[in-house]
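Number of protein chains: 2
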Amino acid sequence: MERHIRYAHEENALILLDQRALPGTEAWVPCRTTEDIIYALQTMVVRGAPAIGVTAAYGCALAVMESSEADWRAALEQRLERIAEARPTAVNLRWAVERMRSVWHSHAGVERNALAVLFLEEAVRLHGEDIGINKRMGAHGAAVIADNDTIMTHCNAGALATAGYGTALGVVRGAVDAGRRGISVIANETRPFLQGARLTAYELKEDGIPVTVACDNACGLLMRRGMVNKVVVGADRIAANGDAVNKIGTYSVALLAREHGVPFYVAAPLSTIDRNMPTGDATPIEERPSREVTHVGETQITPDGVPVLNFAFDATPAALIAGIITEEGILRPPYDLSIVAAFCRVKTTG
Amino acid sequence: MERHIRYAHEENALILLDQRALPGTEAWVPCRTTEDIIYALQTMVVRGAPAIGVTAAYGCALAVMESSEADWRAALEQRLERIAEARPTAVNLRWAVERMRSVWHSHAGVERNALAVLFLEEAVRLHGEDIGINKRMGAHGAAVIADNDTIMTHCNAGALATAGYGTALGVVRGAVDAGRRGISVIANETRPFLQGARLTAYELKEDGIPVTVACDNACGLLMRRGMVNKVVVGADRIAANGDAVNKIGTYSVALLAREHGVPFYVAAPLSTIDRNMPTGDATPIEERPSREVTHVGETQITPDGVPVLNFAFDATPAALIAGIITEEGILRPPYDLSIVAAFCRVKTTG
Numbered sequence: 055m056e057r058h059i060r061y062a063h064e065e066n067a068l069i070l071l072d073q074r075a076l077p078g079t080e081a082w083v084p085c086r087t088t089e090d091i092i093y094a095l096q097t098m099v100v101r102g103a104p105a106i107g108v109t110a111a112y113g114c115a116l117a118v119m120e121s122s123e124a125d126w127r128a129a130l131e132q133r134l135e136r137i138a139e140a141r142p143t144a145v146n147l148r149w150a151v152e153r154m155r156s157v158w159h160s161h162a163g164v165e166r167n168a169l170a171v172l173f174l175e176e177a178v179r180l181h182g183e184d185i186g187i188n189k190r191m192g193a194h195g196a197a198v199i200a201d202n203d204t205i206m207t208h209c210n211a212g213a214l215a216t217a218g219y220g221t222a223l224g225v226v227r228g229a230v231d232a233g234r235r236g237i238s239v240i241a242n243e244t245r246p247f248l249q250g251a252r253l254t255a256y257e258l259k260e261d262g263i264p265v266t267v268a269c270d271n272a273c274g275l276l277m278r279r280g281m282v283n284k285v286v287v288g289a290d291r292i293a294a295n296g297d298a299v300n301k302i303g304t305y306s307v308a309l310l311a312r313e314h315g316v317p318f319y320v321a322a323p324l325s326t327i328d329r330n331m332p333t334g335d336a337t338p339i340e341e342r343p344s345r346e347v348t349h350v351g352e353t354q355i356t357p358d359g360v361p362v363l364n365f366a367f368d369a370t371p372a373a374l375i376a377g378i379i380t381e382e383g384i385l386r387p388p389y390d391l392s393i394v395a396a397f398c399r400v401k402t403t404g
Numbered sequence: 055m056e057r058h059i060r061y062a063h064e065e066n067a068l069i070l071l072d073q074r075a076l077p078g079t080e081a082w083v084p085c086r087t088t089e090d091i092i093y094a095l096q097t098m099v100v101r102g103a104p105a106i107g108v109t110a111a112y113g114c115a116l117a118v119m120e121s122s123e124a125d126w127r128a129a130l131e132q133r134l135e136r137i138a139e140a141r142p143t144a145v146n147l148r149w150a151v152e153r154m155r156s157v158w159h160s161h162a163g164v165e166r167n168a169l170a171v172l173f174l175e176e177a178v179r180l181h182g183e184d185i186g187i188n189k190r191m192g193a194h195g196a197a198v199i200a201d202n203d204t205i206m207t208h209c210n211a212g213a214l215a216t217a218g219y220g221t222a223l224g225v226v227r228g229a230v231d232a233g234r235r236g237i238s239v240i241a242n243e244t245r246p247f248l249q250g251a252r253l254t255a256y257e258l259k260e261d262g263i264p265v266t267v268a269c270d271n272a273c274g275l276l277m278r279r280g281m282v283n284k285v286v287v288g289a290d291r292i293a294a295n296g297d298a299v300n301k302i303g304t305y306s307v308a309l310l311a312r313e314h315g316v317p318f319y320v321a322a323p324l325s326t327i328d329r330n331m332p333t334g335d336a337t338p339i340e341e342r343p344s345r346e347v348t349h350v351g352e353t354q355i356t357p358d359g360v361p362v363l364n365f366a367f368d369a370t371p372a373a374l375i376a377g378i379i380t381e382e383g384i385l386r387p388p389y390d391l392s393i394v395a396a397f398c399r400v401k402t403t404g
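Printed below as a string of structure tokens:
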């Protein structure tokens, strides 16, 4: 699974496993240009905040190679900005582009070929770091998982959503790796894109971790019957106050978890925390094409001409979150303070 | 839409509009035997508690015609019981069969041909009553709907779920008929069977009432953004304490509604109230075939071999319900008392 984002040096292409076709088909999409990268991000060939960040980083390197214009610096700057704006909600996208930009700024007057090498090296570094971050997150998160826990998750915050190992599923894997026994997962199917039914189920089945799929509508009954011990989800952006923006429907799961006394955790790297965003409600929420709702495969499920709403994310208020599991440890409420402390710690020791 | 359950006297068949094929195809399924009726109920050719009751009533008449055995009374009794047990949650099914049984019991010694006529007459009466009940429910319910309300509903509690007009959608139609302006509906798509996306959207579009479809996961965001003024849903069984058992996911919607101060109403005839059932949690919850979750049309969405959970209903606690809209008026908390009062009123005046 760690090969689902792969840079092919021999042909200067980023090769992506097409997550739209899983689990039925393993198809690969080669990206050679800025346009290819933007297409892959927007159509969700690749999705998941950390995976989007890694893809964007390689995309910046491809953008340098593509910028053969006389005024290549201005052309490249435009391409970087277009990558950063490909999707509005996951902050890792802009974070990754900013990281590449700062490499550029720290090499004033660098020539284009040399910059291409610098960007590619930085993308490879970021790619490798992400797996390590997820493993540290998993090791920290294992502490909140007990033997025989059934863990509910929403969407896919697994290897496929990251460079590998996963955030929420990294915590599941971390618990298994730490020797917890009898761990199983309930994957909410996660309409409309069905990341849970398609991707989370696929990953965990491959790893031999027991997984059951349920419709998103089942959360309430399953919690009421005591069939869920913990909830662990990923995030696309965490605001400075600890509100977590994640896949649409996460907020419902969190509210049900509070009602039933089920601890609700968010697992995300520090790069997902946007300290400039005061609250979850202030975060831009992407609206995606109607067809994701009106059709499943080729089957049309709504009548012709009936409009649909397709918001891709929602915000879970910090008050519903028991802990934010990061590579630097588990942040606890009040999050405005614990987030500042985590960043200070990184600055001091990093 | 009121012709979707139609008895064809010339061929002694109940002709059902196949709700599995809507909105793409208008196909008709003729039922001539007890087996045909049970198949139609179990595979959801027809669904919705009141519509199930009407179908079962006609099924009892077909069962009389079919019972040509020497000991036809014992054979018929078995057939009636098999119809009553075709699905476990909607109490209208058993209620309708009991009503036919009591016709039989009040005609001791009746011959089979005469009983067939009596049953058929009673089924036609029950069928006709249901539309009237829904219209009275709609007129009562209109009182809680204001101009420009956006009403969220879950599943399909419309004409297709009843003999016609609908319970929850009867309240919407009642509000429009009472002159309310600017009424619109958000139909939750209602996984896995997609009754909202397919049936509610179809019905309301036909009636020219503005309807928008959203994934079940969107409820939280839509309420948080103030896009929902009221919730009105149907019910498959209401317990003596007012807990309402309805399509899976209703409980999540009710909890979100409370969190956001959105009034949550249940619209159902008194025949849906089961005074022998103490609470919603005590009500049997049907588990349906995995394929409803694993496939949409011919498209498989889960990996081979991954198990799924497919509970069809959940219970919404009475404490989350602002009112139960019946043909006898709107019941208010405490429901244990208002339910008893409603039944006493019917007994006195009926």
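Chains as they are written, first to last, in my numbering: chain A, 55 to 404; chain B, 55 to 404. Glycine residues also receive a C-beta, built at the ideal position from the N, C-alpha and C atoms. A quick note: this is a predicted structure, and the numbers were derived from the prediction, not measured.
At least 8 Å separates the CB of F173/A from every CB of chain B. Here DSSP, grouped into helix, strand and coil, assigns Q354/B to strand. Within the segment 85-110 of chain A, no run of beta strand (DSSP E) at least 3 residues long lies entirely inside it. Taking a Cβ-Cβ cut-off of 7 Å, the neighbours of P77/A in chain B comprise P357, given in sequence order. Contact check for N210/B against T254/B passes: the beta carbons are separated by less than 8 Å.
A check of alpha carbon separations from M277/A across Y305/B, T109/B and G288/B identifies Y305/B as the nearest. The CB of F365/A comes closer than 7 Å to the CB of A272 and L275 in chain B, given here in chain order. The three-state secondary structure of R60/B, taken from DSSP, is strand. Take F367/B, set aside five residues on each side of it, and the residues of its chain with a beta-carbon closer than 7 Å to its own are T143, D290, V299, N300, K301, I302, I339 and E340, in chain order. Counting C-beta pairs with one atom in each stretch, the segment 324-336 of chain A and the segment 136-150 of chain A have three or more that are closer than 8 Å, which means they touch.
Here P361/B has S344 as same chain residues with Cβ atoms under 8 Å from its own Cβ, once five neighbours each way along the sequence are excluded. A check of alpha carbon separations from L374/A across T353/B, E313/B, I379/B and D335/B identifies E313/B as the nearest. Rounded to whole angstroms, the Cβ separation of A177/A and A232/A is 31 Å, and the two are not in contact under 8 Å. Where I384/B is concerned, the enclosing beta strand (DSSP E) starts and stops at G383 to L385. Taking the Cα of P371/A as reference, the smallest distance to any Cα among E382/A, T356/A, D358/A and P387/A is reached at P387/A.
Closer than 7 Å at the C-beta level to chain B, one finds these residues of the segment 245-261 of chain A: R245, P246, L248, A251, R252, A255, Y256 and K259.
If you check each beta-carbon in the segment 310-326 of chain B against every beta-carbon of chain A, the ones closer than 8 Å belong to L310 and E313.
Around the CB of N167/A, fewer than 16 other CB atoms lie within 10 Å, so the residue is classed as exposed. Taking a beta-carbon distance threshold of 8 Å, T333/A does not count as an interface residue toward chain B.
DSSP places I185/B in the helix class (H, G or I) of the three-state scheme. Q96/B is outside the set of residues whose beta carbon lies under 8 Å from a beta carbon in chain A.
The residue among E65/A, L391/A, Y256/A and M98/A with its C-alpha nearest the C-alpha of R74/A is M98/A. By the rule that beta-carbons nearer than 8 Å mark a contact, D297/A does not touch chain B.
Counting only runs that start and end inside the segment 217-285 of chain B, the alpha helix (DSSP H) elements of at least 4 residues fall at 222-231, 255-261 and 273-278.
The alpha-carbon of A294/A is positioned some 12 Å away from that of A395/A. At a cut-off of 8 Å between beta carbons, T266/A contacts chain B. The segment 115-126 of chain A makes contact with the segment 156-172 of chain A; the number of CB pairs closer than 8 Å reaches 3 or more.
Around the Cβ of P77/A, a 10 Å sphere holds 16 or more other Cβ atoms; the residue is buried. With a threshold of 16 other beta carbon atoms within 10 Å, D297/B meets it and is buried.
Within chain B, the C-beta atoms nearer than 8 Å to that of V350/A come from V350, G351, T353 and I355, in chain order.
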